[in-house]
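Residue numbers (this note's numbering), protein chains in the order written: chain Z, 181 to 562; chain P, 181 to 562.
Structure first, commentary second.
Protein chains: 2
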Amino acid sequence: MDIKQKNSSINDSVGIVETKYYIYPDKIKLESGIEFGPVTIAYETYGQLNKEANNAILLLHALSGDAHVAGYNSPEDKKPGWWDSMVGPNKAFDTNKYFIVCSNILGGCKGTTGPSSVNPETGKPYALGFPVITIEDMVKVQKLLIDHLGVNSLLSVAGGSMGGMQAMEWVIHYPEFVKSAIVIASTSKLSAQGIAFNAVGRTAIISDLNWNNGNYYESEPPANGLSIARMIGHITYLSEESMHKKFGRKLQDKTSPDYNFNVDFQVESYLQHQGQSFVDRFDANSYLYITKAMDYFDLPSKYGSLALAFRQIKSKFLVVSFSSDWLFPPDQSKDVVKALMNVDKDVAYCAIESNCGHDAFLIEKDHQTRIINSFLKDIFKG
Amino acid sequence: MDIKQKNSSINDSVGIVETKYYIYPDKIKLESGIEFGPVTIAYETYGQLNKEANNAILLLHALSGDAHVAGYNSPEDKKPGWWDSMVGPNKAFDTNKYFIVCSNILGGCKGTTGPSSVNPETGKPYALGFPVITIEDMVKVQKLLIDHLGVNSLLSVAGGSMGGMQAMEWVIHYPEFVKSAIVIASTSKLSAQGIAFNAVGRTAIISDLNWNNGNYYESEPPANGLSIARMIGHITYLSEESMHKKFGRKLQDKTSPDYNFNVDFQVESYLQHQGQSFVDRFDANSYLYITKAMDYFDLPSKYGSLALAFRQIKSKFLVVSFSSDWLFPPDQSKDVVKALMNVDKDVAYCAIESNCGHDAFLIEKDHQTRIINSFLKDIFKG
């Protein structure tokens with residue numbers, strides 16, 4: 181990367197940020213009934229908590245995200261955080277105004293306790309000794325962090341995809357604590373098709389001989405399995421149209437097909453690259469735990485109905501969907517909106533036209549910036 | 181299965197049929213330029229060729245099909261052929277009227293020469309010594325069989341999915357020979373998304389250590405890889421709606437989740453079963469070769485444009501699509517229809533409303549029967 185360009189993008193961002201760690205020393209009770217702890221929580225913060233302590237926003241990441249939502253951890257970083265386009269000075273989540281917090285989820289592999297973390301009782305990684313967790317458990321752990329930071333109310337909880345699931349559990353569990361929720365490209369329950377894609381990804385990992393029943397931390401990881409899981413995921417994150425626009429049937433570095441089983445098409449090369457590079461930055465067991473938590477997510481079943489789930493909440497909602505998102509399609513966002521309206525809650529819904537598929541929440545900066553800016557301004561005033 | 185019910189379904193079908201084999205002793209020139217042969221072709225026939233020899237219909241199977249399109253190969257068979265609902269006395273392809281032929285494709289593993297066949301020059305299975313083939317190559321081999329059977333013109337060539345691709349190559353290559361084509365749930369070129377799903381399936385097979393660069397015929401086959409490829413395939417064959425109706429979020433043999441990595445949901449159990457049972461009946465190398473042939477299928481690019489591809493054809497067309505088919509969506513059928521109309525060809529198009537996804541061509545019996553019956557009657561008269 182060109183140094184000048186790099187510095188300019190650092191200047192354009194929140195700059196250099198440090199990942200911090202909070203260790204909650206006790207045990208928490210998980211939704212499964214298991215008591216688990218201690219828990220280390222990796223987090224980053226951006227902007228300043230104001231005197232009134234009423235400008236804090238918690239950002240919630242999706243399957244493969246982490247605490248590093250914006251800026252650079254070091255000047256050598258090639259890329260900024262995963263939602264840098266949305267978090268920073270004068271951006272959708274404006275760090276000049278708001279105190280932004282983002283933490284790695286429970287079960288993750290980016291600093292928060294997960295299956296790859298060392299179990300203090302054995303001195304070895306938990307592996308499958310780590311308990312199966314839920315979205316609610318992730319939220320409980322986030323609340324411990326927020327309390328530790330001295331934040332006594334949240335202006336908003338916001339996230340896309342699985343981040344939106346967490347946002348909904350937040351306002352249900354802590355109705356007095358959270359002023360608003362921004363739920364983007366998400367759903368109130370994972371569909372059969374969503375479970376199916378997750379199940380195939382998990383099967384790929386578990387079938388990899390290197391997985392070894394989860395005990396691979398001192399040997400080769402199940403790279404092939406995790407890579408396949410990620411390739412499947414990537415197909416679901418793009419729309420058919422965006423794949424067509426991005427790759428079409430273009431061949432990779434050749435003018436005619438090879439008539440063998442090497443990579444022929446650009447789309448194959450892209451997926452293989454995505455799969456292989458994911459292996460360097462993600463833990464296969466975390467992939468199992470997190471997708472399972474998504475599979476289990478089902479607010480209507482857990483609370484009797486979606487309306488019942490939302491009956492006690494006090495937060496204002498902004499729900500955003502993208503027309504070409506076929507993983508969490510607009511209809512699933514509309515179900516959330518309808519349920520909120522049925523129990524007379526304050527909800528704004530924005531159905532954005534986009535051909536970027538599910539990934540639109542990471543890509544469609546301009547439209548999201550306008551509506552989130554305006555939504556937050558209203559809440560912050562009120 | 182109940183014996184009485186079984187006999188009644190045999191009576192309702194074409195009954196007991198025998199798979200036959202034709203050995204073409206010479207070499208054929210493949211699209212890649214390679215000369216390949218001899219070729220054994222497995223086929224079945226139903227009904228009788230009439231005196232005028234003008235009632236023959238060639239049925240063309242999809243990725244995992246075979247020559248056994250209808251009836252039972254033995255009274256012990258648990259299931260009839262793959263399109264039994266459509267082929268038989270008084271069915272869509274009426275065996276009282278028409279002489280029906282169906283053969284296993286080149287590269288397959290159900291009797292026609294493919295990678296699992298023994299190479300007569302080495303006495304060992306071809307494995308990856310088998311040449312990479314195309315849809316056109318499959319069609320060339322089918323023509324050898326049709327000539328061998330003494331059929332000198334085809335009333336129709338018909339197939340769903342990859343079968344539709346073959347139908348299109350048939351009428352392009354043998355315009356004088358084929359009176360009509362029935363192209364169901366198909367496309368004139370595989371989309372980037374279609375290539376992507378195939379590529380992930382192939383990666384799963386190739387990553388399986390048992391695959392051993394294709395040489396597994398004297399050892400354990402790459403069962404895990406093939407099973408994963410099939411699971412991915414099955415997701416694409418169903419629609420989100422049909423998955424929802426069929427499985428929803430129903431748990432498999434339990435009332436609450438297990439909080440472990442066993443199968444929790446019915447949809448997981450279904451996919452695992454589909455994957456595992458596929459391994460017993462299909463060859464992993466065939467899966468590689470056939471999906472590659474689909475990837476390469478691109479009539480517009482091969483002939484300059486779709487209109488140019490169809491310019492010389494003399495066959496009437498029936499094109500059928502299904503509303504919830506997201507693998508080969510209706511728009512891709514419409515592209516075929518438009519191109520045919522642009523070059524003034526005779527085409528009927530039927531867009532069937534169905535929530536069965538791509539698999540609808542195997543399921544939607546009634547609607548397809550009506551339109552195919554009527555289409556064929558017209559052609560047979562004319």
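Where is the CB? At the ideal position from N, CA and C, for every residue including glycine.
In the three-state reduction of the DSSP assignment, Pro305 of chain P falls in the strand class.
Listed along chain P, the residues sitting closer than 7 Å to Met411 of chain Z by beta-carbon distance are Val380, Thr383. Inside the region 231 to 304 of chain P, DSSP marks whole beta strand (DSSP E) runs of 3 or more residues at positions 236 to 240, 279 to 283, from first to last along the chain.
Beta bridge pairing from DSSP links Ala222 of chain P with P:Tyr201.
Annotation: Ser419 of chain P is outside any beta strand (DSSP E) and is labelled neither H nor E by DSSP.
Per the C-alpha coordinates, the member of Z:Met348, Z:Ser296, Z:Thr292 positioned closest to Val321 of chain Z is Z:Thr292. Rounded to whole angstroms, Ser333 of chain Z and Tyr278 of chain Z show a C-alpha spacing of 13 Å. Restricting attention to Z:Trp350, Z:Asn235, Z:Pro401, the CA atom closest to the CA of Arg461 of chain Z is found in Z:Pro401. Annotated three-state conformation of Lys525 of chain P is coil, per DSSP. Between Val312 of chain Z and Tyr469 of chain Z, the C-beta spacing is below 8 Å.
If you look at Gly343 of chain P, you'll find it isn't in any beta strand (DSSP E); it sits in the alpha helix (DSSP H) that goes 342 to 353.
Residue pairing by DSSP places Ser360 of chain P opposite P:Lys496 in a beta bridge. DSSP, reduced to helix, strand and coil, places Ala365 of chain P outside both helices and strands of the structure shown, so it counts as coil.
Against Ser212 of chain P, the close residues of chain Z are Tyr439, in the order they occur along the chain (beta-carbon pairs closer than 8 Å). When rounded, the separation of the alpha-carbon atoms in Glu316 of chain P and Gly343 of chain P is 12 Å. Here the C-alpha atom of Asp327 of chain Z lies approximately 30 Å from the C-alpha atom of Ser485 of chain Z. By the C-beta criterion, the region 527 to 547 of chain Z is judged to be in contact with the region 499 to 509 of chain Z, since at least 3 inter-stretch pairs fall below 8 Å. For the pair of segments examined, the region 359 to 370 of chain Z was found not to touch the region 384 to 397 of chain Z: the number of CB pairs separated by less than 8 Å stays below three. For Tyr226 of chain Z, no CB of chain P lies under 8 Å from its own CB, so it is not counted at the interface with that chain. Taking 8 Å as the cut-off, the Cβ atoms of Ile552 of chain Z and Ala272 of chain Z count as close. Residue pairing by DSSP puts Glu215 of chain Z in a beta bridge opposite Z:Lys209.
Around the C-beta of Lys482 of chain Z, 16 or more other C-beta atoms lie within 10 Å, and the residue is accordingly described as buried.
When C-alpha distances from Arg410 of chain Z are compared across Z:Gln456, Z:Ser368, Z:Asp264, Z:Asn395, the shortest belongs to Z:Gln456. Excluding its 5 nearest sequence neighbours in each direction, Cys289 of chain Z has C-beta neighbours in its own chain below 7 Å: Ser296, Phe462, Asp463, Ser466, listed in chain order.
Contact of Asn404 of chain P with chain Z is assigned, a C-beta pair being separated by under 8 Å. For the region 459 to 484 of chain P, residues whose beta-carbon sits nearer than 8 Å to a beta-carbon of chain Z comprise Leu468, Lys472, Asp475, Tyr476, Asp478, Ser481. The C-beta of Ser504 of chain Z comes no closer than 8 Å to any C-beta of chain P. Beta-bridge analysis with DSSP links Asp478 of chain Z to Z:Lys369. Burial check for Asn191 of chain Z: the Cβ neighbour count within 10 Å stays below 16, so the residue is exposed.
In summary, no residue of the region 261 to 294 of chain Z has a CB separated from any CB of chain P by less than 9 Å. With a contact defined as Cβ atoms closer than 8 Å, Ser366 of chain Z and Met345 of chain Z qualify at about 6 Å.
Asn522 of chain P counts as exposed, since fewer than 16 other beta carbons sit within 10 angstroms of its beta carbon. Against His424 of chain Z, the close residues of chain P are Ser371, Ala372, Gln373, in the order they occur along the chain (beta-carbon pairs closer than 9 Å). Against chain Z, the beta carbon of Arg429 of chain P has neighbours under 9 Å at Lys369, Leu370, Ser371, Ala372, Ile375, Asp475, Asp478, Ser481, listed in chain order. For Leu488 of chain P, there are no C-beta contacts with chain Z under 7 Å, since the nearest C-beta of that chain is about 17 Å from it.
At a cut-off of 8 Å, the C-beta of Glu232 of chain Z has no neighbouring C-beta in chain P.
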